[in-house]
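Colleague:
Numbering (this note's numbering), first residue to last: 1325 to 1827.
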């Protein structure tokens, strides 16, 4: 007798259809993320004008701790489910109960630790915020496997719809709350309700239901994979959030509020591409790991396009970053605008850097990913400590410089197990062309702006698109003049043809 949801364990997808599934999945998820980006941007603008930097800083003190604990409850067992070759219903059921138990344990521990965290920050309001957010942990735990099954089956469109519905609902509730005068609780609701709604919808639409835990089915290798993946995520999270922790500890809620909003808006465009494309890439590369030539071709094409798009976004945000923040959030956030401009060049670098995880996960080398994450954490922490005496701006500069330095070593280390099957020199050359185009275009854009009449001061709603047009024109022109760089345009056209091809 077939159980509901058993079709998730029929692993094989036609090899000829993998490319179409991957491309359409990428466009569906990126399209949804663009939509979500618009929603989140609108929500951020409204809340930033209704609330204060101190409100955002207060919530950031909590979320810098709770966000990482959520992942401990998930145990990163979703990654193990996606890449497992011979998956069964019983395996996923066992993983489901492991996730549920870990989430319940962390919920209890966080409640007990709330007074200590409040004492550390010397902020009594933190206790109630922690208790509220801790209640969401159970929802995270029970939804890990349903979400992983949707991604494993490459049902990216369905999951994209779930995310959009959840974000819309959470943002509307938060905005109404802000208008009603609930203050920082509007931010708490926004951060907490979206993942809860995603969890509930994923469970409802997935169709899979867990069975009882059974010792007869061994999942030790999957748990080890999840632990290594969790270890890397933890190190990466600490690398990307120890800056906020240090600013909150050393400089207080207001500077942290400026930095938090700048970082949030900086990382938004990154997340719109990184998270959905990682899901698609890992699912696709996992299915191609037995075919080295196809694996290499897929990764190289994806990396070229990611680098091209990412450095294009970097240039616009660097050139017009301060104006964008002031235009969107208001004059009270001008300090956040200055921080945002410093972070701007690293958007594209962060996208390139993130692809090393595709390789580790799809090849089943979560242990190597974890080891890299440990080293990267201490490297970033040293950079932040150097920048800390210079305040939030010093931290932002340290973050940007450190990413440029670590980008290529991360790709080299990830590609080592492939040996001669993957040529690092080719990847180094392709990415270097994009970086050269970025810096030259940025310099040309500044020269053009300096050449404008001194009394030419258009309003921000015109100045921002003008700077965007100036940089984009320079970037495309410089990129076309670099030998061999036109390949990315041909590959982009090929992706569009694949997307529009009939099934």
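Backbone N, C-alpha and C fix where the C-beta goes; we use that ideal spot for every residue, glycine too.
Buried or exposed: where does residue 1615 fall if 16 or more other Cβ atoms within 10 Å of its Cβ makes it buried?
Modeller: Residue 1615 should be labelled exposed.
Colleague: Is the segment 1650-1668 touching the segment 1720-1739 in the sense that three or more CB pairs, one from each, lie closer than 8 Å?
Modeller: Segments in contact, yes.
Colleague: Please report the distance separating the alpha-carbon of residue 1278 from that of residue 1468.
Modeller: What the structure shows of the chain is the stretch from 1325 to 1827, and residue 1278 is not part of that stretch, so it cannot be assessed.
Colleague: Quick one, which of 1509, 1477, 1419, 1476 has its alpha-carbon nearest residue 1387's?
Modeller: Cα-wise, what sits closest to residue 1387 is 1509.
Colleague: Compare the C-alpha of residue 1567 against each of 1556, 1583, 1557 and name the closest.
Modeller: Of the candidates 1556, 1583, 1557, the one whose C-alpha sits nearest the C-alpha of residue 1567 is 1583.
Colleague: Rounded to the nearest angstrom, what separates residue 1556 and residue 1675 at their Cα positions?
Modeller: Their backbone Cα atoms lie some 17 Å apart in a straight line.
Colleague: Around the Cβ of residue 1475, are there at least 16 other Cβ atoms within 10 angstroms (buried) or fewer (exposed)?
Modeller: Buried, because 16 or more other Cβ atoms sit within 10 Å of the Cβ of residue 1475.
Colleague: Which runs of the alpha helix (DSSP H) spanning at least 4 residues fall entirely within the segment 1653-1684, listed in chain order?
Modeller: Within the segment 1653-1684, the complete alpha helix (DSSP H) runs of at least 4 residues are 1658-1667, 1670-1678.
Colleague: From the DSSP output, in three-state form, read off residue 1543 for me.
Modeller: Residue 1543: coil per DSSP, three-state reduction.
Colleague: Considering Cα atoms alone, identify which of 1569, 1516, 1801 is closest to residue 1493.
Modeller: Taking only the C-alpha atoms, the option nearest residue 1493 is 1516.
Colleague: Counting only runs of 4+ residues fully inside the segment 1678-1729, write out the alpha helix (DSSP H) ranges in chain order.
Modeller: DSSP runs (the alpha helix (DSSP H)) wholly in the segment 1678-1729: 1680-1686, 1690-1711.
Colleague: If we count the other Cβ atoms within 10 Å of its Cβ and call it buried at 16 or more, is residue 1756 buried or exposed?
Modeller: Counting Cβ neighbours within 10 Å, residue 1756 comes out exposed, since fewer than 16 surround it.
Colleague: What would DSSP say about residue 1780, mapped onto helix, strand or coil?
Modeller: Three-state result, residue 1780: coil.
Colleague: Quick check on DSSP: helix, strand or coil for residue 1439?
Modeller: Residue 1439: helix per DSSP, three-state reduction.
Colleague: Please report the distance separating the alpha-carbon of residue 1592 from that of residue 1533.
Modeller: C-alpha separation (whole angstroms): 33 Å.
Colleague: Can you give me the Cβ contacts of residue 1644 inside the same chain, cut-off strictly under 7 Å, excluding the 5 residues immediately before and after it?
Modeller: Counting only Cβ-Cβ distances below 7 Å, and skipping sequence neighbours, we find 1788, 1791, 1792.
Colleague: Using the beta-carbon count (16 or more within 10 Å), is residue 1530 buried or exposed?
Modeller: Classification of residue 1530: buried, given that the 10 Å Cβ count is 16 or more.
Colleague: Mind the definition here: the segment 1573-1589 touches the segment 1375-1394 only if three or more C-beta pairs lie below 8 Å; say whether that holds.
Modeller: Result yes; three or more Cβ-Cβ pairs closer than 8 Å.
Colleague: Taking the C-alpha atoms as reference points, what is the distance between residue 1693 and residue 1650?
Modeller: Taking the straight line joining both Cα atoms gives about 39 Å.
Colleague: Taking all protein chains shown into account, do 16 or more other C-beta atoms lie within 10 angstroms of the C-beta of residue 1798, making it buried, or fewer, making it exposed?
Modeller: So residue 1798 counts as buried.
Colleague: Helix, strand or coil for residue 1410, going by three-state DSSP, please let me know.
Modeller: Three-state result, residue 1410: coil.
Colleague: Would residue 1368 be called buried (16 or more neighbouring beta carbons within 10 Å of its own) or exposed?
Modeller: Classification for residue 1368: buried.
Colleague: Buried or exposed for residue 1794, going by 16 or more other Cβ atoms inside 10 Å?
Modeller: So residue 1794 counts as buried.
Colleague: So residue 1730 and residue 1760 are in contact, right, with Cβ under 8 Å, and what is the actual spacing, rounded?
Modeller: Between residue 1760 and residue 1730 the Cβ distance is about 19 Å, and since that is not below 8 Å, they are no contact.
Colleague: Which complete alpha helix (DSSP H) runs does the segment 1499-1579 hold, if anything under 4 residues is left out?
Modeller: You should have 1509-1530, 1544-1575.
Colleague: Roughly how many angstroms separate the alpha carbons of residue 1326 and residue 1581, rounded to a whole number?
Modeller: Since pLDDT at residue 1326 reaches only 42, below the 50 mark, its modelled position is unreliable, and the value read off the structure follows with that caveat. Between residue 1326 and residue 1581, the C-alpha separation is close to 53 Å.
Colleague: Comparing alpha-carbon positions, which option in 1463, 1519, 1719, 1641 lies nearest residue 1428?
Modeller: Of the candidates 1463, 1519, 1719, 1641, the one whose C-alpha sits nearest the C-alpha of residue 1428 is 1463.
Colleague: Going by beta carbon distance, what residues of the same chain come within less than 8 Å of residue 1815, once the five residues before and after it are set aside?
Modeller: Same-chain partners within the cutoff: 1625, 1628, 1629.
Colleague: How about residue 1430 and residue 1456: are their beta carbons less than 7 Å apart?
Modeller: The answer is no: Cβ separation not under 7 Å.
Colleague: Closest to residue 1465 by C-alpha separation, out of 1804, 1423, 1403, 1413, would be which residue?
Modeller: With distances taken between Cα atoms, residue 1465 lies closest to 1423.
Colleague: Is it the case that the Cβ atoms of residue 1525 and residue 1486 are separated by a distance below 7 Å?
Modeller: Yes.
Colleague: Assuming residue 1810 is part of the alpha helix (DSSP H), what are its boundary residues?
Modeller: Careful: residue 1810 lies outside any alpha helix (DSSP H) and carries neither H nor E.
Colleague: Should residue 1727 be counted as a contact of the ligand SAM given a C-beta to heavy atom distance under 6 Å?
Modeller: In the structure on display, the ligand SAM does not appear, and there are no ligands present to speak of.
Colleague: Quick one: what does DSSP say residue 1625 is sitting in, helix, strand or coil?
Modeller: Three-state result, residue 1625: helix.
Colleague: Is residue 1618 helix, strand or coil by DSSP?
Modeller: Residue state, collapsed to three classes: helix.
Colleague: DSSP state of residue 1338, grouped into three classes?
Modeller: Summary for residue 1338: the model assigns pLDDT 45, below 50, so the residue's position carries little reliability, and this model does not support an answer.
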